[in-house]
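*Asks:* So the sequence shown is residues 1 to 102, counted in UniProt numbering. First, the structure itself, so that you have it in front of you.
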Amino acid sequence: MKDNRVYLIHIRDCIQRIETYTIEGKEAFFSDIKTQDAVIRNLQTLCESTQRLPDVWKAIRPEIDWRAIGDFRNVLAHQYLGHLYKFRISGRRGAPPALGSR
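Shown next, in the form of structure tokens:
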């Protein structure tokens with residue numbers, strides 16, 4: 001049986017990587033396909049790790065919408081190409097809300 005703490009480590013590491021990869025802002029993000037791929041991969045890993053957390057752990061943080069994170073993982077895994085294209089186009093006019101002010 002896997003130690004569930006490994007999922008918390010994955011989540012932390014993915015958040016740190018995403019922050020590092022996007023530090024240069026939205027223009028740099030949208031102009032570099034490697035950065036986009038790295039961010040998407042880390043988002044997938046982060047979301048997958050949250051789905052594997054025990055429910056009793058999730059209950060400790062009820063303010064987090066765990067289901068939405070799982071749903072987002074499914075979008076990334078199964079439909080991200082179309083969404084990324086939309087993000088790229090919208091990036092020319094402004095960042096999608098998910099990217100915040102970066």
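All C-beta atoms in this analysis are idealised placements derived from N, C-alpha and C, irrespective of residue type, glycine included. Predicted model only: the values in this text are computed from it and were never measured.
Taking only runs that begin and end inside the stretch 4–33, name each unbroken beta strand (DSSP E) of 3 or more residues, in chain order.
*Replies:* Taking only runs of at least 3 residues, no beta strand (DSSP E) segment lies wholly in the stretch 4–33.
*Asks:* How is the alpha helix (DSSP H) around D55 delimited, first residue to last?
*Replies:* D55 to I60 is the span of the alpha helix (DSSP H), which, as asked, contains D55.
*Asks:* Let me know if R5 comes out buried or exposed under the rule of 16 or more other beta-carbons within 10 Å of its beta-carbon.
*Replies:* By the 10 Å Cβ count, R5 comes out exposed.
*Asks:* Should F29 and T22 be called a contact, given that it needs their Cβ atoms to be closer than 8 Å?
*Replies:* Yes.
*Asks:* Excluding the five sequence neighbours on either side, which residues of its own chain have a C-beta within less than 8 Å of the C-beta of P54, listed in chain order?
*Replies:* Excluding sequence neighbours, P54 sits near N4.
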